[in-house]
Every structure is written in structure tokens, then in C-alpha cells.
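Chemist: Residue numbers for the sequence shown follow the working numbering, so the first one is 3 and each next one is one higher. Ideal Cβ positions, reconstructed from N, Cα and C, are used throughout, including at glycine. Owing to the predicted nature of the structure, the values given are computational and were not obtained by experimental measurement.
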Amino acid sequence: MAITLRAADLARACVALGAALAWVLPAAPALAGCLGMKIHAHRGSAESPENSASALRSAYAGDWDGVEIDMQQLADGTWVLHHDLTTGRAVLTGGSLPVAKLTPADWQRARMTLHGRATNEAPPFLADAAAIAAAYPGKTFNAEIKEVVGNCQPVQALVTQLHQAIPHGNWFLTSGLRTALRCARGADRQGYLGLIVFDGRNAEAAASNRWTRLVAQHASSPRLTRAWMLDVVAELGNPVGVHVDAKTMDANPMLLEDAAATGLAVFAYAVDGDTALAGAIGRAHARTNRLPSGAIIDGRADNFCALVRQATHLR
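(1) Restricting to Cα atoms, I'd like to know which of His117, Ala135, Ala112 and Ala133 is closest to proline 125.
(2) Using the C-alpha atoms, what's the distance from glycine 284 back to methionine 73?
(3) For proline 28, which residues of its own chain have a beta-carbon under 8 Å away from its beta-carbon, when the five flanking residues on both sides are left out?
(4) Can you tell me the Cα-Cα spacing of valine 310 and leucine 175, whole angstroms?
(5) Excluding sequence positions up to five away, which residues of its chain have a Cβ less than 7 Å from the Cβ of aspartate 65?
(6) Just tell me which of Asp274, Met256 and Val235 has its CA closest to the CA of leucine 293.
(7) Quickly, what does DSSP pair phenylalanine 143 with across the bridge? List them, please.
(8) Suppose you measure from the CA of alanine 120 to the CA of glycine 275; what does that come to, to the nearest Å?
(9) Please state whether DSSP places isoleucine 199 in a helix, a strand or coil.
(10) Could you pull the DSSP bridge partners for tryptophan 230 from this structure?
(11) My output table needs one value for threonine 162: the three-state DSSP class, helix, strand or coil.
(12) Secondary structure at methionine 256, three-state DSSP: helix, strand or coil?
(13) Alanine 261 and valine 244: beta carbons closer than 8 Å?
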């Protein structure tokens, strides 16, 4: 399933998109050209701190088709880029602190890490990231809502912010929580929404402790039947898709076929890395003669696409 721009933004974006997609020109950013799949950089380029402004700039300047980032709110409701619910791993604040308790001043004073070491880079606000995205109409800003929302106001305000900050319209929202996506649909009838499907077997990826190990050991893959997919479409409306781990794709052998029949896009990722993801895509293609709509990867797009071509025997 192709993901299209919002109708209201399409006319304004056409001229800019034409320039951006002319990748043969040296001044234009490159695109992945990966068998029709859209390839997004997971939290930006891995050569910079995750979810950092420098990671976004590198990813947009590279050969990915888009950039995936994580968002949550500070104490005053300001949206920032950060994956974990607390600081201490990717962002240093002098201790492990809940992001939801921090102020904008705290965020400005914080510093990011790269490969476990402190850097001089401050973590970005969403406004900073959106300003970078606005300069690249040919590449998608793929923004995950990490927040558990009690009402729709924060998400509705988020949609308004992104509409204003990224006028070319090449952005979309994802979440593992249907509530957040229902709120987004109420504020944006035309935008693509991605439902992230958590596979309990990956519980240790969120945090490694005795409880997550126990969950992972006893978990089974979610069953994504055609009836389940129709329920997603009915609840969230089109355009919509599911974002699934490679293990989930293996455990649901007809996922790509059923998604095509129900009008769902499928983005794939792998907690176990890009090689595992390429292998799962190869197996899915062997079963259904289909590929996912896109993939969210950790490494270089050209390396990943070479792995996919090898796994699928496509050129």
C-alpha cells in the first residue's frame, strides 16, 4: 500500500517533491530505491546520538527515505524527542529522572550520549526536529507517540504543531496505543497512522530484568488475522498500517497477503537487527510474493537493501 500526502498539502508539495525526488541531481538528497519499499532510519543515523538533531540531519542527508523518531512530553506539555520514559541512557540529566517531570530548562541543560559516552549535544525539542524535516519534502518524518494520553488534547495539539511546522505534509504518526491514534484521527482525517504491534517475545528490548525475561520466555506472538486487520481499519480509518517486528511477520505467514486485502500498509522492523529483518522479509516474500510497504532499520540503507535482494532473489 502506498502512503500518500494529505490532500490539503498535496498541491503545495508537488513542486518541492519534484525537486526532492530528482535524486540524480547532486544537490538533491538520495533515496533508498529498495525494491519499492520505503526505508526509514531508526532514531536517525546510528553515527550520532539516537533521536538527536545531528542524527536527523545525517539521516535526511543520507540515502534513507525517511527518519523514525520517538516523542514524549515534558512536565509543561512540550514535546521532545526521547525513547525511554526516564533519562540516564540516551540523555543525561545527573540521574535517572522521569521525562514527564522535567522542565524545558532541564531539557536544555541535558546532554546526549553516543555509544554510552557523554557528548556536548543537547537533546532536541520536537520543534527543532520539525524544522529539520521541513527542509526535506521528499523524505518522511515518521514520529512515534510514546506518551500514554489521558485525553485527546495533547495529541490534537501535536497534530496542529506538525501541520504548522512541516507544511509540505510528508509526515505521519505512529503509536503502540490505539487511544493515541484515535485522537490523532479525530484531528487529522487524511493523514496516515501506523499502529505499532508489540511482540511480547521482545520484552527484554525495553528493559532487561527478571520480569521482562519472564515475559519474553512465556510470551507468544500476536495473531494478526484478517478479521483483526479489518477491526483496525474500522477503528482508526484509512490510511492506516501496522508496524511489526520480524518475529511477528514470521509468526503470521499470511500477514502481507491479508494486509493487502484489507488495505493496510505494513512497515517492518527487527529488535534483532537488520540482518534478521532482511531474512524475515525474504521468507515473507517466498510465501506471498509480496514485500512490506517499508522497513525501519538501524544501519545503512544500501547495505540493508543488498541483504533484502539476496534474501528475495530480486534485483
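Modeler: In terms of the structure at hand:
(1) Here the closest residue by C-alpha is Ala112.
(2) Going by the C-alpha atoms only, they are around 31 Å apart.
(3) Residue placement at proline 28 is flagged as unreliable, the pLDDT there being 36, under the threshold of 50; a coordinate-derived value is accordingly withheld.
(4) Taking the straight line joining both Cα atoms gives about 26 Å.
(5) Cβ neighbours of aspartate 65 within its own chain (closer than 7 Å, five residues either side excluded): Ala32, Leu33, Ala34, Ala303 and Asp304.
(6) Looking at the Cα atoms, Met256 is the closest of the given residues.
(7) Per DSSP, Val69 and Trp173.
(8) So the two alpha carbons sit approximately 24 Å from each other.
(9) It is valine, not isoleucine, that sits at residue 199 in the sequence shown. Judged by DSSP in its simplified three-state form, valine 199 adopts strand.
(10) In DSSP, tryptophan 230 forms no bridge with anything.
(11) Helix, per DSSP.
(12) Here methionine 256 sits in coil by DSSP.
(13) In contact: alanine 261 and valine 244 (Cβ atoms closer than 8 Å).
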